[in-house]
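Shown next, in C-alpha cells, is the structure this report addresses.
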Amino acid sequence: DAMVIQNPRYQVTQFGKPVTLSCSQTLNHNVMYWYQQKSSQAPKLLFHYYDKDFNNEADTPDNFQSRRPNTSFCFLDIRSPGLGDAAMYLCATSRTRQGQNIQYFGAGTRLSVL
Amino acid sequence: QQPVQSPQAVILREGEDAVINCSSSKALYSVHWYRQKHGEAPVFLMILLKGGEQKGHDKISASFNEKKQQSSLYLTASQLSYSGTYFCGTEWQTGANNLFFGTGTRLTVIP
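Heads up: the sequence lines are chains A and B, in that order.
Start counting the first sequence at 384; every next residue gets the next number (my numbering).
Start counting the second sequence at 332; every next residue gets the next number (my numbering).
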C-alpha cells in the first residue's frame, strides 16, 4: 500500500564518504521533492523536480545533488557528507493542480554521519 | 520567510480543545496542514485556498484569513491520537510547487 517508498530507512555513513538515498512512488505524480529535517525543526526543501525540470533552492549546498531517471524514481546524492548533514531526509510527491499541491511523504531516511 | 506558528508547544488532557495558529509575512495562496508523529513522515490533514475558506473533518477543522495572512487549526475534544507536531505549509502562488513549512507546534495529549 505504500505510495512513496524511501530506502533505506536508516543509513550510516562516514564523514566524507558519498551516500545515495532513494525514493520511489506509485502515484504517478509529476512533482517530486527532497526535504531535509533536523531534530525539532520543520522540513526544509532542498530541491524538487517538476517532471524532468530540476529546481534547486538557493540555499541548498552544492554537496547535495539529485537525479530523476524516470517518473517513479528520484535519488539524493550527498557527495561528501559532513557531521552537519546528519538528519532525516524526506521525499514527497505531488500532482500539480491549481491550488491543490498536496504533498505525500515517504517514511524518510535517517542519515547518521560518523 | 518561514511562517510562524503559535504556540510552540501545548499539552492537553483528553477531551480538551486547542487552537494552533500560523502567520505569514507574505500574501498566501493556500495553506496546508500536516501532522507528524515522532519518527514518522508528515501526514496531510487539509488544504485551504484563498477566499476565506473553512474546512473540517471529524473534530479537526481550520480557517484561513487571507487578509491577515493567517490560518488557524482547531482541534476539539482531543484524543490521544492527536499527539504529534503540527506544521502549516504555505504556498505563495499557485503553481509554484513549493511549500514553506512553519515553525511547528508540538501537541501532547495526556489521559
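In this text, a Cβ means the ideal position worked out from N, Cα and C, and glycines have one as well.
The alpha-carbon separation between R493 of chain A and A470 of chain A amounts to approximately 6 angstroms. When the beta-carbon positions are compared, Y393 of chain A and N413 of chain A stay at least 8 angstroms from each other. If you compare the alpha carbons of B:G382, B:E347 and B:Q333 with that of V440 of chain B, the shortest gap goes to B:E347.
For N429 of chain B, the chain A residues whose Cβ falls inside 9 angstroms of its Cβ are Y416, L428, H431, N438, E440 and N484, in order along the chain. Closest in alpha carbon position to A490 of chain A, among A:Q424, A:S455 and A:C474, is A:C474.
Between the stretch 368 to 387 of chain B and the stretch 407 to 421 of chain B there are three or more inter-stretch CB-CB distances shorter than 8 angstroms, so the stretches are counted as touching. Listed by position along chain B, the residues whose Cβ is nearer than 9 angstroms to that of A470 of chain A form an empty set, because the closest Cβ is around 13 angstroms away. Contact note: G491 of chain A reaches chain B through A372, using a C-beta cutoff of 7 angstroms and chain order. Within the DSSP secondary-structure output, K386 of chain B pairs in a beta bridge with B:A393. For chain A, the residues of the stretch 399 to 423 of chain B that bring a beta carbon within less than 7 angstroms of one of its beta carbons are F418 and E422, in chain order.
When C-beta atoms of the stretch 435 to 445 of chain A are compared with those of the stretch 344 to 362 of chain B, fewer than three pairs fall below 8 angstroms, so the two segments do not count as touching. In the displayed model, L410 of chain A falls within coil according to three-state DSSP, outside both helix and strand. In the three-state DSSP reduction, S354 of chain B falls in the strand class (E or B).
Across the structure, G399 of chain A and G467 of chain A are spaced so that their CA atoms are roughly 12 angstroms apart. In this model, L404 of chain A and I378 of chain B are separated by some 29 angstroms (Cα to Cα). Pairing L359 of chain B with Q400 of chain B gives a Cβ-Cβ distance under 8 angstroms.
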